[in-house]
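Following: one structure in structure tokens, then a few remarks.
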Amino acid sequence: MKQVVHAACPHDCPDACGVLITVEGGRATKIQGDPRHPVTRGFLCAKVAKYLDRVYSPDRVLYPMRRIAAKGRAAERSFAPHGQPGACPELVEGAAVPTQAWQRITWEEALDEIAQRLRKIIAEFGSEAILPYSYGGTLGALNGASMDRRFFTRLGASELERTICSSAGEAGLESVMGVKLGTEPEQFVNSRYIIAWASNIHGNNVHLWPFIAEARRKGAKLVVIDPYRTRTAACADWYLPINPGTDAALALAMMHVIIGEGLHDADYVSRYTLGFDELREKVKAYPPERAARWTGIAAEDICRLAREYATIRPAVIRVNYGVQRSEGGGMATRAISMLPCITGSLKDPGGGIHLSTSGAFDLNKHSLRRPDLRPQGAKTPRVVNMVELGKALNTLSDPPLKALLVYSSNPAAVCPNHNEVVRGLGRPDLFTVVHEQFLTDTTDYADIVLPATTFFEHKDLQAAYGHYYLQISDQAIEPLGECRSNVELFRGLAARMGFNDECFNESVDEMIDGALVSNSPWLQGITRKRLQSESQVRLNFAPPTESASKPADGAPGPFLPFARGNFQTPSGKAELYSEAMKSLGLDPVAEFTPPSESRYGSDKATFPLELLARKADNFLNSTFSNLPSIQQMEDTDLLEMHSADARSRGIVDGAPVRVYNHRGEIFLKARVDGAVQPGVVSARLNWAKLSPGFRNINVLTSEKLSDLGNSATFYSVLVEVESTTSIP
205 MKQVVHAACP
215 HDCPDACGVL
225 ITVEGGRATK
235 IQGDPRHPVT
245 RGFLCAKVAK
255 YLDRVYSPDR
265 VLYPMRRIAA
275 KGRAAERSFA
285 PHGQPGACPE
295 LVEGAAVPTQ
305 AWQRITWEEA
315 LDEIAQRLRK
325 IIAEFGSEAI
335 LPYSYGGTLG
345 ALNGASMDRR
355 FFTRLGASEL
365 ERTICSSAGE
375 AGLESVMGVK
385 LGTEPEQFVN
395 SRYIIAWASN
405 IHGNNVHLWP
415 FIAEARRKGA
425 KLVVIDPYRT
435 RTAACADWYL
445 PINPGTDAAL
455 ALAMMHVIIG
465 EGLHDADYVS
475 RYTLGFDELR
485 EKVKAYPPER
495 AARWTGIAAE
505 DICRLAREYA
515 TIRPAVIRVN
525 YGVQRSEGGG
535 MATRAISMLP
545 CITGSLKDPG
555 GGIHLSTSGA
565 FDLNKHSLRR
575 PDLRPQGAKT
585 PRVVNMVELG
595 KALNTLSDPP
605 LKALLVYSSN
615 PAAVCPNHNE
625 VVRGLGRPDL
635 FTVVHEQFLT
645 DTTDYADIVL
655 PATTFFEHKD
665 LQAAYGHYYL
675 QISDQAIEPL
685 GECRSNVELF
695 RGLAARMGFN
705 DECFNESVDE
715 MIDGALVSNS
725 PWLQGITRKR
735 LQSESQVRLN
745 FAPPTESASK
755 PADGAPGPFL
765 PFARGNFQTP
775 SGKAELYSEA
785 MKSLGLDPVA
795 EFTPPSESRY
805 GSDKATFPLE
815 LLARKADNFL
825 NSTFSNLPSI
835 QQMEDTDLLE
845 MHSADARSRG
855 IVDGAPVRVY
865 NHRGEIFLKA
875 RVDGAVQPGV
885 VSARLNWAKL
895 SPGFRNINVL
905 TSEKLSDLGN
915 SATFYSVLVE
925 VESTTSIP
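Residue numbers (my numbering): 205 to 932.
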């Protein structure tokens with residue numbers, strides 16, 4: 205019998221696509237976009253369009269396994285994609301398992317061993333010697349953060365500060381506006397001036413593109429600001445390459461022009477902002493001529509950009525998280541967020557700024573995560589920042605980390621300072637459990653590997669950070685092999701640890717119901733039953749403001765949360781001056797400080813090139829990297845260089861090169877293609893085990909944290925490049 209099941213893509217992407225999965229005889233046979241979804245509108249990105257290849261990959265981990273060999277890549281080199289030398293599929297009925305490394309065990313054996321090891325560690329070192337490690341492998345409300353948080357809270361484990369991706373930008377935005385809200389994708393069709401600031405929309409926000417394309421057909425101009433010539437930059441009406449980490453200087457210089465020439469919206473500023481006088485004084489120190497020396501953008505182009513942005517209405521900024529992956533990333537996002545506040549574009553349909561919409565989905569996190577499970581009288585556990593995993597594994601004491609439970613993440617690939625991370629993961633005394641769909645870089649160092657479901661194989665509740673539609677993602681097929689979801693894994697572990705709290709027995713539907721019990725008016729009337737019936741439901745926003753009437757066709761009016769102020773800051777206004785920033789020892793308005801690891805830093809003589817450690821366009825962080833059908837779409841193991849930098853080093857296109865700094869080295873193939881400016885090189889993230897020498901670009905990145913949000917600084921990296929005879 206054929207049936208079509210509605211689901212929602214849970215991967216770390218703003219679009220959260222509505223998905224239709226065709227199932228025949230218990231097997232998924234087709235995946236397609238749901239044409240009823242008002243934003244994603246029936247098409248899928250190239251990665252998810254091939255999702256059947258992922259679900260039914262012969263390399264899926266389908267059964268629990270115990271390590272029977274030494275940790276590390278030497279033990280894992282027998283692994284190869286299914287059907288290639290080194291794959292041993294006969295051990296697990298179709299899943300590739302290296303014979304030297306793994307032994308299949310039952311779930312009962314796995315859970316018993318994990319529970320026994322955790323009890324022993326707690327008895328000897330205390331519960332803080334245990335650390336969970338997860339991030340955006342799934343953004344589902346349940347499988348992303350529910351039963352796992354209950355388990356580790358009840359256990360008393362160290363807490364993980366999950367800041368590797370977006371926290372600096374979120375903190376910067378919230379320092380001005382107080383909440384993560386942004387322009388609806390549907391409103392972009394009304395825009396007449398669109399700035400894509402560090403936003404590769406074609407690569408990682410593809411469902412926004414049709415709205416931009418429609419706006420351009422109506423005469424809108426697309427401007428792209430990015431240090432790398434992305435797919436989106438190649439489509440732009442005007443591309444402005446910028447030096448890495450200098451975005452705050454550009455935003456401040458734009459405000460110098462806008463305020464100095466009286467192009468700001470004086471009425472909006474006086475009604476709805478705080479600290480404009482302080483901002484006016486601050487930007488006097490950032491004339492375009494000065495900013496040009498930092499940014500690499502000509503002063504006359506900065507002036508033109510500022511004037512066009514302020515005078516062509518509606519104007520919208522799509523800023524993305526690349527802008528905040530530098531030492532000053534929080535301040536940069538803060539400065540950019542001020543631009544629509546001083547021009548008043550926040551009141552225009554098709555105006556404003558879009559970084560994230562996630563602040564609108566005020567699900568009941570207390571119900572999901574149950575922070576009240578901490579044992580009475582227990583001290584608050586220590587916090588370990590996920591960016592600093594290498595340091596934590598190798599230097600943390602009192603107590604040292606003795607157990608690591610990894611799920612929804614691949615830290616051996618994605619964490620900065622890769623050499624230190626794998627040195628720590630390789631410790632014989634570290635007990636590591638990894639819940640995974642594939643044998644990743646991190647499983648190379650696991651003691652126990654547990655099989656994880658895909659979103660086809662479990663049910664979840666799906667919010668978004670790129671639109672305002674909430675969805676139920678229904679289970680389409682039974683779990684393959686013995687795969688279990690995150691919810692079921694931690695339910696089982698809780699039982700093995702003897703946790704008899706009733707919340708560990710809640711069904712998935714009960715957990716969804718609890719999440720929807722919220723004080724937010726935007727969630728009122730949205731129930732599981734309604735979501736099951738309608739598939740996707742727009743949040744219940746207040747009636748349109750006086751600046752925008754409701755469309756005659758009965759469609760919902762535009763959501764303009766800041767059209768009449770209503771900022772969720774302490775003052776209720778857009779805080780151009782922030783006491784909270786001052787309390788952190790930061791400039792209470794905004795400032796630009798060149799990154800210490802940049803062309804302006806002290807190491808530039810030894811390591812003169814700025815590295816963009818980029819995500820690949822066709823992978824998603826490290827997800828999808830191992831699938832042959834996806835690999836075919838991506839050029840890997842490349843270092844992109846400007847011709848001037850290549851020429852001065854005797855490097856030609858296609859030549860093998862060594863890229864290095866004081867943290868490590870990697871061997872790649874040069875591509876001299878004009879994608880970057882002089883002084884900048886770029887390489888893309890891949891699994892280490894699929895990269896030359898079993899190393900990826902994170903051997904070069906550092907654990908240094910950003911100015912706000914304690915986030916990663918992947919784009920504040922200096923390297924040198926030299927020609928070599930071959931790639932190891």
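Note that CB positions come from ideal geometry on N, CA and C, so glycine has one too. Model, not experiment: these values are computed from the prediction.
{"Asked": "Stretch-stretch touch, CB-based, cutoff 8 Å, three pairs: the region 896–907 with the region 492–510", "Found": "no"}
{"Asked": "Ser724 beta carbon less than 7 Å from that of Ser338", "Found": "no"}
{"Asked": "Outcome for Asn822 when other beta-carbon atoms lying within 10 angstroms are tallied against a minimum of 16", "Found": "buried"}
{"Asked": "Residue range of the unbroken alpha helix (DSSP H) whose run includes Gly533", "Found": "Gly533 to Thr547"}
{"Asked": "contact_flag[the region 340–348, the region 205–219] where n(CB pairs < 8 Å) is 3 or more", "Found": "yes"}
{"Asked": "Same chain, Cβ closer than 6 Å to Ile931, five either side skipped, listed in chain order", "Found": "Pro860, Phe871 and Pro896"}
{"Asked": "Check whether Ser927 and Pro585 have beta carbons under 7 Å apart", "Found": "no"}
{"Asked": "Euclidean distance between Cα positions of His411 and Leu843", "Found": "29 Å"}
{"Asked": "Separation of Ala607 from Gln772, as counted between CA atoms", "Found": "40 Å"}
{"Asked": "Cβ neighbours of Gly534 in the same chain (closer than 6 Å, five flanking residues each side left out)", "Found": "Ala372, Ala375, Gly376, Ser910, Asp911, Leu912 and Gly913"}
{"Asked": "Sequence-distant residues of the same chain with beta carbon closer than 8 Å to Gln881, five excluded per side", "Found": "Pro431, Pro445, Asn447, Gly500 and His846"}
{"Asked": "Nearest-angstrom Cα separation, counted from Glu390 out to Glu485", "Found": "37 Å"}
{"Asked": "Counted within 10 angstroms of its Cβ, other Cβ atoms place Ser711 as buried (16 or more) or exposed", "Found": "exposed"}
{"Asked": "Separation of Leu456 from Val527, as counted between CA atoms", "Found": "15 Å"}
{"Asked": "N-terminal and C-terminal residue of the alpha helix (DSSP H) that Pro183 is part of", "Found": "The displayed coordinates of the chain run from 205 to 932. Any statement about residue 183 would go beyond what the structure contains."}
{"Asked": "Under 7 Å between C-beta atoms of Leu550 and Phe766", "Found": "yes"}
{"Asked": "Coil, strand or helix - Glu869 by DSSP", "Found": "strand"}
{"Asked": "Burial state of Met715, where buried means 16 or more other Cβ atoms lie within 10 Å", "Found": "buried"}
{"Asked": "Environment of Ile272 [buried if 16+ CB atoms lie within 10 Å]", "Found": "exposed"}
{"Asked": "For Leu842: DSSP bridge partner residues", "Found": "Lys873"}
{"Asked": "Residue from Leu426, Arg517 and Gln236 with nearest C-alpha to Gly245", "Found": "In the sequence on display, residue 245 carries Arg and not Gly. Nearest option by C-alpha distance: Gln236."}
{"Asked": "Status (buried if at least 16 other CB within 10 Å, exposed otherwise) for Gln675", "Found": "buried"}
{"Asked": "Through-space distance from Thr644 to Pro615, alpha-carbon basis", "Found": "10 Å"}
{"Asked": "From Val921, Thr917 and Phe745, residue whose alpha carbon lies closest to that of Tyr525", "Found": "Thr917"}
{"Asked": "Contact belief for Arg522 with Ile405 at Cβ below 8 Å, rounded distance in angstroms", "Found": "7 Å"}
{"Asked": "Start-to-end residues for the alpha helix (DSSP H) that takes in Trp311", "Found": "Trp311 to Phe329"}
{"Asked": "Cutoff 8 Å; reference Glu313; Cβ partners in own chain excluding five residues on either side", "Found": "Pro268 and Arg270"}
{"Asked": "Nonlocal neighbours in the same chain, by C-beta distance under 6 Å from His460, ignoring five residues either side", "Found": "Val487, Tyr490 and Pro491"}
{"Asked": "Nearest-angstrom Cα separation, counted from Pro603 out to Gly330", "Found": "7 Å"}
{"Asked": "Coil, strand or helix - Glu624 by DSSP", "Found": "helix"}
{"Asked": "Length of the line joining the Cα atoms of Glu465 and Val380", "Found": "23 Å"}
{"Asked": "Identity of the residue in Ala850, Gly761 and Gly555 nearest Ile516 by Cα", "Found": "Gly555"}
{"Asked": "Buried or exposed by the 16-neighbour rule on C-beta atoms within 10 Å, applied to Gly161", "Found": "In the structure as shown, the chain begins at 205 and stops at 932. Residue 161 is therefore absent and cannot be evaluated."}
{"Asked": "CB-CB length for Leu266 against Pro655, believed under 8 Å", "Found": "5 Å"}
{"Asked": "Cβ neighbour criterion (16 or more within 10 Å) applied to Met785", "Found": "buried"}
{"Asked": "Under 7 Å between C-beta atoms of Arg421 and Asp648", "Found": "no"}
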